[in-house]
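Trainee:
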Amino acid sequence: MNLPNQNEERKRTKNPVEVVYLKQEEKTDELKNKKYYLKTYGCQMNVHDSEELAAHLENMGAIKTDILEEADIAILNTCAVRENAHDKVFGYLGRCKHLKEINKDLIICICGCMAQEEGVVNEIKSRHPYVDIVFGTHNIHELPKLIKEYNKKQEIEVYSIEGNVYENIPYKRDSKVSAWVNIMYGCDKFCTYCIVPYTRGKQRSRKSSDIIKEINDLVNNGYLEVTLLGQNVNAYGKDIENEMSFAELLENVAKTGIKRLRFVTSHPWDFTDEMINVIAKYDNIMPYIHLPLQSGSSRILKLMGRRYTKEEYLKLFNKIKEAVPNVSITTDIIVGFPQESEEDFLETLDVVKKCEYDSAFTFIYSPREGTPAAKMQDNISLLEKEERLQRLNELVNSFSNKNNQKYLNKIVKVLVTEVSQKDNNKVCGYTENMKLVNVLAPHDTIGKIIDVKITDAKSFSLDGEII
Ligand code: SAH
Ligand code: SF4
Ligand code: F3S
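For any residue, its number in this note's numbering is found by taking its place in the sequence shown, counting from 1, and adding 561.
(1) So, is Val581 buried or exposed, given that buried needs 16 or more other C-beta atoms within 10 angstroms?
(2) With Ile894 and Gln951 assumed to form a contact (beta carbons below 8 Å), what rounded beta-carbon distance in angstroms separates them?
(3) Any chance the CB of Thr760 is under 7 Å from a heavy atom of ligand 3?
(4) In chain order, what residues of the same chain have a beta carbon less than 6 Å from the beta carbon of Glu835, not counting five sequence neighbours either side?
(5) Whose beta carbon lies closer than 6 Å to any heavy atom of ligand 2, going through the chain in order?
(6) Is Pro829 buried or exposed, if buried means 16 or more other CB atoms sit within 10 Å of its CB?
(7) Considering only their Cβ atoms, is the gap separating Ser766 from Ile744 smaller than 8 Å?
(8) Does DSSP classify Val581 as helix, strand or coil?
(9) Whose C-beta lies closer than 8 Å to the C-beta of Lys983 among residues of the same chain, with five residues either side of it excluded?
(10) By Cβ distance, which residues of its chain are closer than 7 Å to Leu667, with the 5 residues on each side in sequence left out?
(11) Does DSSP classify Leu667 as helix, strand or coil?
(12) Do Pro899 and Ala1086 come within 8 Å of each other at the CB atom, strictly closer than that value?
(13) So, for Ile1010: in the same chain, excluding its five sequence neighbours on each side, which residues have a beta-carbon less than 6 Å away from its beta-carbon?
(14) Assign Asp905 to one of three DSSP states: helix, strand, or coil.
(15) What would DSSP say about Leu592, mapped onto helix, strand or coil?
(16) Check whether the segment 817–824 and the segment 873–881 touch, using three or more Cβ-Cβ pairs below 8 Å as the test.
(17) Can you name, in chain order, every residue of its own chain whose Cβ lies under 6 Å from the Cβ of Asn568, other than the five neighbours on each side?
(18) Do Asn954 and Ser1020 have their beta-carbon atoms positioned less than 8 Å apart in this structure?
(19) Spell out whether any CB of chain B is found under 8 Å from the CB atom of Arg823.
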């Protein structure tokens, strides 16, 4: 394994992890009248990190723009989970390079998971000299310092080892009603295909007292919904002596009185009965669980290092369905993992048929350099992988549609978050089960939880009207 790399640009930070309480960031005017453009790839973790990036830039006086051509600073917050994530970033960089030829003062920054990858820093140094600042997932809070120190010379500062847990991080939250809250960083699971433990480092839980304080503040500021974030939320606390379990944390957060509580992502291996009981007990814990399957074949699950069998997964799935009325369960599935036979793939289809998921994110396996699976013989043709993906998607979509039809003419509660992108007369938001609904309702419903009658059900969204 050659990740993470410890070349000269990468500095080790001290281990073990400490909690560092940052001072409140001062407002400065280094970037007064400057516009920043921020593009985010990848998962919710990156979306939330971008809220931190935005806060740092705005604290320095910059203003956000959605138009790249207008920007003085362009930041690409990248993802490395699959090869196509890379291709997208380098494709987009081409556009930034072209703009820099017109506006030589444009500052181009790359951060996020790709920056943490072995070859990427060298690739940027040798092939993309027009990129100005590169930093990683472990030093996002240093963005103001990097900008201040930037002196027209490529500046690269990527730590190879995870740093401390930082508290009092500033966030410019995208929503005034729904907030992301990190409960942990990193991941210790090392699924054999996955690059995340390398790009995000080892698991570091925040102290429960800090998490609950942040959520109490959000409740006091009018937030109605909180989503607890982590690559493996239900392993919460295992890395700290005498810390609460995830089930206890969930219960304590539910007691803050937040109207809607969600969490992503839970690993089936860490899913306890205690957790199921807490989810069933509190009305403000939403009946929605993302429970990644990855494969339905116990043989492939073993090669993936997932720590459960097909039968164990199904047992857990049924236990949750029985204990939590009307729960929606979604999943992630990878097709074409090395050595996946037609029989293995049929096992995956069998689990999908048994679970009738509300929806599923489906992916073709993408070898990531430095992970154990990348050394396994990849003996399935791309054509075959694509064909499996298509068969899987057809099945998944049929169940998404079937599940959505159940809501026709029913009344559901929707937390309205924005104007519908499809129709200016409509607003949109999510039900308790995480169904996207476009609602015929006035714009002043934004930020409220309203009762909606469902008038049409499609595979990927519902339509409704306010009652
Ligand atoms: N921590 C979460 C999700 C991590 S990444 C979990 O454990 O479920 C999100 C999804 O990307 C994964 O669930 C997996 O389905 C997919 N993924 C990760 N690595 C991949 C790879 N190398 N090729 C294809 N899909 C991958
Ligand atoms: Fe990756 Fe597995 Fe960790 Fe999820 S649990 S982030 S798939 S290593
Ligand atoms: Fe991608 Fe990093 Fe998230 S690799 S999926 S942005 S943790």
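All C-beta atoms, glycine included, are put in the ideal place defined by N, C-alpha and C.
Mentor: Reading from the atomic positions:
(1) exposed
(2) That belief does not hold up - the Cβ atoms of Ile894 and Gln951 are roughly 13 Å apart, past 8 Å.
(3) yes
(4) Ala808
(5) Cys748, Lys750, Phe751, Cys752, Cys755, Val757, Pro758, Gln792, Asn793, His828
(6) buried
(7) Yes.
(8) strand
(9) Asn999
(10) Ala632, Asp633, Ala635, Leu660, Lys661
(11) The answer is coil: DSSP assigns Leu667 none of H, G, I, E or B.
(12) The requested residue 1086 is not part of the displayed model; the chain covers only 562 to 1028.
(13) Lys974, Leu976
(14) helix
(15) Reduced to three states, the DSSP call for Leu592 is coil.
(16) no
(17) In this predicted model, Asn568 has a pLDDT of only 37, less than 50, meaning its place in the structure is not dependable; the value taken from the coordinates is given anyway. Taken in chain order, the list of residues that qualify is empty.
(18) No, they are not a contact pair.
(19) Protein chains in the displayed structure number just one, and chain B is not present.
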